[in-house]
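J.: Dropping the structure in here first, questions after.
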Amino acid sequence: MEEFEPKIIGFFCNWCSYTGADLAGTSRTKYPPNVRIIRLMCSGRVDERLIAKAFTAGADGVLVCGCHPGDCHYQKGNLNARRRVAGLKPFLEAIGIGGERLRLEWISASEGPKVAETVKSFTQTIKKLGPSPLKKEAE
Amino acid sequence: MSIECLSTICPYCSCGCGINLIVKDGRIIGQEPWKEHPINEGTNCPKGKNAYQFLYSEDRLKMPLVRKNGTLKETSWEEALDLVASKFKEATPENFGFIASCRNSNEDAYVMQKFTRVVMGTNNIEYCGRLCHSPAAAALIPAMGSGVMQTSQPEIELADCFFLAGVNLRETFPMIARRVLRAKARGAKVIYTDPRKTTTARHLADIHLQLRSGTDAALINAMMSIILKEGLENKEFIASRTAGIDELRAFLAKVDLKQAEEITGVPLEKIKEAATTYAKAERGCILYDQGMSQHYVGTDNVRNHANLALLCGHAGKPGSGINSMRGQINGEGSGDMGCLCVFYPGFKRVGEDSAKLFEEAWGVKNLPTKPGITYIDMLYKCPYLYIVGGDPMMVVPDTNNVKKALEQANFIVVQDIFPTEISKLAHVVLPAATWVEREATHTWIDRRVQKINKVVDPPGEAKPDWQIICQLAEKMGRKNKFNFSSSGEIFEEIRRCIPQYKGITYERLSKTVGGIHWPCPSEEHPGTPTMFLEKFNTPDGLGHFQVVEYKPPAEVPDEEYPYFLTTGRSIFHYHTGAMTRRTPKLNDEVGSSFVEVNPEDAAKVGVKDKDLVTLKTRRGSIEAEAKVTDEVPPGLLFIPFHFADSCANVLTISALDPSAKCAETKVCAVKMEVKA
Amino acid sequence: MKGDMYIARSPDKETADKAECGGAVTALLKFALESKKVEAVVAVKARDGNRYDGVAVVITDPKDLIETAGSLHCASPNIARFLKEYLDGAFNSKIAVVAKPCDAKAIIELAKRNQIKLDNLLIIGLNCTGTLPSAKAKSLFKEQFEVEPADVVGEDIEGNELIIRLKDGSEKKKDLAELEEKGYGRRENCRRCETNIPVMADIACGKWGTTDKDSTFIELCSDKGADFFEAAIEGGAIKVDQPSGNAVESRKKKDQAAVESAQKWQEKDFATLEEMSAEEKFSYWSEQFSHCIKCYGCRDACPICYCEVCFLEAERGFIPPGEVPPHMLFPMVRITHVMDSCVNCGQCQDACAMDIPISRLIFMLSKKIGAIFKHEPGMDVTALPPLRTVTDQELGQEGVEVTF
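Protein chains in written order, with my numbering: chain A, 36 to 174; chain B, 7 to 682; chain C, 156 to 559.
What follows is the structure in structure tokens.
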């Protein structure tokens, strides 16, 4: 039996977290390849539809990474993301997808190691949870 | 700020759901739920939620049109009707045909058949019900005495086993699927026969018998044979309420189950499961539609399902029976009113006796006593045609030949609300008022009569259908028999002539939300939700078994035309799309035709999803966009019939049922090529 | 002043007799029109006198008000939607609207979204412990009370009992909980609704706290409401007395009891959804959503939904068109777009042809989200939707956690 390799969609904001991911890359930091990173201008762009779409497209987990509070290029985008993620978790829980499949992290442009850590730990979490039930629907 | 909230019934299918229209300054600006209505209790399907937009479409017919030098030109009612009257005076009882509609009201239908019989002197009056539910009458009159729906919609929830035969219920009757769903919540089981794995198969059925196209009779014979072998038939019911079991038993004893499995393509285990589930139920309910009817063996199919119902005693009680699912707002009513070449109003068979009866009722002489010509034959044999609210150029098989015949016609009058394919061939086009633009009654699927009130004015000079016919009758010198000044007056005459309607009045209908089921013999009678409670309407009161031998479809796939083609519907559209294609929210969902192709078949010929393909049969060819899906099994293609620019009936075969004269639009042989 | 309470009735005998509880509400509406403080009144009337057919009406002539007098328990027209869709959200005219707590909450939510101009509205709130579904009420009366539906001239919910008043003057009553166990009784959302007194309206009117059948207990809930009511007193349009301390207490107690009953129903309703494993939940909701026929009934009915071209529409290109059941994204977006603001009006549930328990799910989520963000939908027009609003306080906060 093949080991389950999670497919995770990562919405990374342009100004901080994506840059941080770049840094992790250039530093040759090793981390699991399970996250497909999608660059957005701001984590505040991530709304319910994007997250829902990621899951229905077959993602086992969704990672949202934004700037630390106070550092958002657009002032409060990351705080929007924080609220939306907090609000979406009960929904995912209620319909049996599971709130732990959605995670939010603050990652700054210089925090390359944090990117690696986050991806590593989240991939582990999702591995333990198993494939998303929506995956069958997506196929 | 005068805003009114006025109740009415949805103009689409035969369920008869209530809705509220919001009217401001004589225009409908919105709709809201009508929560009291017993059919839908404030809910609606997608079409019902977008009920009124079609009324305001740009191209509503507003003025009479007469063809001059090849083009239709606006004219006055005087000129148009004078022309029609003069032309019809040239016609004879043999070469004139009137095709009424399943969508016009009871009052309209009644006047149309009266006009055809009294003024034109012929029984050549038909309506589009001929094309779909004529097998109901042909099969069920001998079987049980009547082809009407036997139970009422609310009572459907009482059943503990449903047999959905050739009806994609979730898409074609969502508000009845709602009832089945509620019964399921209480443990009811759903058996479903369809060559396609539709949403009904996937989301409503417990047992899907995915049979090969046109093999229903063989399937039912197998099921009945199993039921008898297991001793699961309802012996008491058979003994007390039926006749003819011995012949059926003898016939079924010879059924080869292995052969049935081969013919139908349904594993024997599944046939057995379905048979025993249905037989063991307390209250089995057969709901059937075009998957059964629209074959050249349609009558046989219905006969056999009636056999099944009688065999298991699932008839003559609420929530049971074999129920023909008429789909149109007046599919039942126009038939009741006598728009059939073999029936006078109230299903009085055409002949000396019924002619005499109506001569007395109408105060006329010399009513025609011979049965007339059926719908499809009319198109080929009657050079003088009056066609109301329907489009033979889209709904009759083998469109190319139909077109050739109609192009030879001497004079075609089309009366409708929009320009249609047939209006392109008409000599005169008359604009009709529809739905809430006039007061009228309709009779919905479960013999439920409801009244539609006038809520807005018709556009331009459009008039109610009955009014146009009356004015024509006047021009032809018969004003005294068509002296109606309101639909209410017509309904009074209907009550006098049709015993089933006798106890129904406009007043009672205004006070009874949900309407009144016929038969309703007197004004004190509450109406009859379920038929045949004590006995069937046959001369001996018994249900009659009729032996049915399986016959394969008229045209099956071969080397040249390697696939089965079947036709059907989408939930978002209605029949020829005249109304729904003009409703943006519905047309946005499905904007153009498509052909469902199984992935295996697609791979074999190199068809990808959304490729344009040419479909060709021995009758003609059309183009459609491929939809690669496993909703169809390998070897079967499916196309909806809603789109004039990709007309399914160009492909279909005109094999007619000998008793019912409906056509085999559900199966023929087709080939498919990718368009270069 | 805001917060004042009165016992009130109409000074006009005809109104007092025909109307509920002394006709105070009708009297206030009359005053509102006659004094030209509003151009129109939106209320509910029994169409053609049919108690099971309550429709929203717009009244500009005070003479017509008498038609709307009397509480209809077997009707639940969508008042907030009516205002938004057909009266331009009150942007162009001053309107007095009669609203149950759910109607008033829905209006407040729409006002937050700039779909209704609250300044132009005078909201006369009615106490409510629930309404009955129109069609089913008739079977309830026929089968359980054994009376002809047409003979019922009034209904009341008193504590645990459903009382009906008949044409011949007699009364019949039954235990509401028993009826509801059998599947009859109030609409599901009504049973679990804790908002019995419409304190979010301008004036709250009801019978709790009254001691006879000809009075209405009034609480002035806003400055606007207070100004209006005091003008009505001054204009002789309403007769008032002071409520006793006992009356105020009694009202509080009855409300408390109703709130407790509602909370029990909430627990019960939500338990059916919570007490499933994750697999069971997913399987349950997949099946429920597979029944959907994409009628958009829930979306149309929902007071929170107001987008001119909704993301669920085929023309937006987001949900694959022409499919039933629609793609899973359809219910996901439907739910997640409104779940922070659900007022438990149940209009979506009434609209669902396939009995999908959507109101139960969305309201349950709304409660959870409300707890996370300390937010209650429909109460305060300045408390903007939590999933759409970042507060200034947050912006300036130190050490904001990832979680809320």
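Backbone N, C-alpha and C define an ideal beta-carbon position, used for all residues, glycine too.
So which residues on chain B does Lys449 of chain C lean against when the C-beta distance must stay under 7 Å?
T.: The contacting residues are Pro52.
J.: Since Cys167 of chain B sits in a beta bridge, which residues does DSSP pair it with?
T.: Answer is B:Lys195, B:Gly290, bridged to Cys167 of chain B.
J.: For the structure I just gave you, are there three or more beta carbon pairs, one from the region 145-163 of chain B and one from the region 326-336 of chain B, closer than 8 Å?
T.: Yes: the two stretches touch, three or more of their Cβ pairs being nearer than 8 Å.
J.: If you measure from the beta carbon of Cys11 of chain B to each beta carbon in chain C, is any gap under 7 Å?
T.: Yes, because at least one Cβ of chain C sits closer than 7 Å to the Cβ of Cys11 of chain B.
J.: Among the candidates B:Ser627, B:Cys134, B:Ile226, B:Arg123, whose CA atom is the shortest distance from the CA of Gly172 of chain B?
T.: Ranking B:Ser627, B:Cys134, B:Ile226, B:Arg123 by Cα distance to Gly172 of chain B puts B:Ile226 first.
J.: Is the Cβ of Thr91 of chain A closer than 7 Å to any Cβ of chain C?
T.: Chain C, which has a Cβ nearer than 7 Å to the Cβ of Thr91 of chain A, makes this yes.
J.: Determine, for Glu240 of chain C, whether the minimum Cβ-Cβ distance to residues of chain B falls below 7 Å.
T.: Taking Cβ atoms only, chain B reaches closer than 7 Å to Glu240 of chain C, which makes this a yes.
J.: With C-beta atoms as the reference, is Lys409 of chain B less than 7 Å away from Ala439 of chain B?
T.: For Lys409 of chain B and Ala439 of chain B, no; Cβs fall outside 7 Å.
J.: How would you label Pro545 of chain B, buried or exposed, when you count the other beta carbons within 10 angstroms and need 16 or more for buried?
T.: It counts as exposed.
J.: Would you decide whether Phe39 of chain A is buried or exposed? Buried here means 16 or more other CB atoms lie within 10 Å of its CB.
T.: The residue is exposed, with fewer than 16 neighbouring Cβ atoms inside 10 Å.
J.: Measuring alpha carbon to alpha carbon, tell me which of C:Asp505, C:Glu434, C:Glu531, C:Ala179 ends up nearest Met519 of chain C.
T.: Cα-wise, what sits closest to Met519 of chain C is C:Glu531.
J.: For a contact defined as C-beta to C-beta under 8 Å, what are the partners of His492 of chain C on chain A?
T.: Residues of chain A passing the Cβ test: Glu83.
J.: Run the CB neighbour count on Gln548 of chain C, radius 10 Å, all protein chains shown included, and call it buried at 16 or more, exposed below.
T.: Result: exposed.
J.: Going by DSSP, what residue range makes up the alpha helix (DSSP H) through Phe372 of chain C?
T.: Here Phe372 of chain C belongs to no alpha helix (DSSP H); instead the beta strand (DSSP E) covers 371-375.
J.: Thinking just about the alpha-carbon of each residue, which of B:Leu363, B:Met181, B:Gln414, B:Thr248 is nearest to the one in Leu548 of chain B?
T.: Comparing Cα positions, the closest option is B:Thr248.
J.: Following the continuous alpha helix (DSSP H) through Trp440 of chain C, name the residue where it begins and the one where it ends.
T.: From DSSP, the alpha helix (DSSP H) with Trp440 of chain C extends over 433-445.
J.: Helix, strand or coil for Glu606 of chain B per DSSP?
T.: Of the three classes helix, strand and coil, the one that applies to Glu606 of chain B here is helix, per DSSP.
J.: By DSSP, does Gln456 of chain B sit in helix, in strand, or in coil?
T.: Here Gln456 of chain B sits in strand by DSSP.
J.: With three or more beta-carbon pairs closer than 8 Å as the criterion, would you say the region 389-408 of chain B touches the region 24-31 of chain B?
T.: Contact fails: fewer than three Cβ-Cβ distances are below 8 Å.
J.: Taking a Cβ distance cut-off of 9 Å, strictly less, list which residues of the region 174-191 of chain B are near chain C, in chain order.
T.: Going along the region 174-191 of chain B in chain order, one finds Arg176, Glu177, Pro180, Met181, Ala183, Arg184, Leu187, Arg188, Ala191 with a Cβ nearer than 9 Å to chain C.
J.: Using C-beta distances below 6 Å, list every residue in its chain close to Lys249 of chain C, excluding the 5 sequence neighbours before and after it, in chain order.
T.: Closer than 6 Å at Cβ, skipping near neighbours: Val193, Glu194, Asn275.
J.: Please classify Glu478 of chain C: does DSSP put it in a helix, a strand, or coil?
T.: Three-state DSSP puts Glu478 of chain C in coil, outside helix and strand.
J.: Quick one, which residues of the region 25-38 of chain B are near chain C if we go by CB-CB under 8 Å, in chain order?
T.: Going along the region 25-38 of chain B in chain order, one finds Asn26, Ile28, Lys30, Ile35, Gly36, Glu38 with a Cβ nearer than 8 Å to chain C.
J.: Compute the Euclidean distance between the alpha carbons of Lys190 of chain B and His433 of chain B, then round it to the nearest angstrom.
T.: If I take the Cα positions, the gap works out to 53 Å.
J.: Since Thr586 of chain B and Lys672 of chain B are thought to touch, with beta carbons under 8 Å apart, how far apart are those beta carbons, to the nearest angstrom?
T.: The Cβ separation is near 21 Å, so there is no contact.
J.: If we call anything under 7 Å between Cβ atoms a contact, is Glu236 of chain B one with Trp472 of chain B?
T.: Contact: no.
J.: If you reduce the DSSP assignment to three classes, tell me which class Arg33 of chain B lands in.
T.: If DSSP states are grouped into helix, strand and coil, Arg33 of chain B belongs with the strands.
J.: At which residues does the alpha helix (DSSP H) containing Ile233 of chain B begin and terminate?
T.: Looking at the DSSP string, the run of the alpha helix (DSSP H) that includes Ile233 of chain B is 222-235.
J.: What residue does the beta strand (DSSP E) around Gln119 of chain B start on, and which one ends it?
T.: No beta strand (DSSP E) holds Gln119 of chain B; the alpha helix (DSSP H) holding it covers 112-120.
J.: Which residues does DSSP pair with Ala560 of chain C in a beta bridge?
T.: Absent from the structure is residue 560 of chain C, since the part of chain C shown begins at 156 and ends at 559.
J.: What in chain C is Cβ-close to Ala94 of chain A, meaning under 7 Å?
T.: Within chain C, no residue comes near Ala94 of chain A; the closest Cβ sits about 13 Å away, beyond 7 Å.
J.: Under three-state DSSP, which class holds Tyr461 of chain C?
T.: Note: Tyr461 of chain C maps to coil in three-state DSSP.
J.: Give me the subset of the region 411-439 of chain C whose CB atoms are less than 9 Å from a CB atom of chain A, sorted by chain position.
T.: Cβ contacts with chain A come from Leu428, Glu429, Met431, Ser432, Ala433, Glu434, Glu435, Lys436, Phe437, Ser438, Tyr439.
J.: Examine chain C for any beta-carbon lying closer than 7 Å to the beta-carbon of Ile577 of chain B, and answer yes or no.
T.: Closer than 7 Å: yes.
J.: Buried or exposed, going by whether 16 or more other CB atoms sit within 10 Å of the CB of Val308 of chain C?
T.: By the 10 Å Cβ count, Val308 of chain C comes out exposed.
J.: Identify, in the order they occur along the chain, each residue of the same chain with its Cβ nearer than 8 Å to the Cβ of Met431 of chain C, setting aside the five sequence neighbours on each side.
T.: Contacts found: Tyr439.
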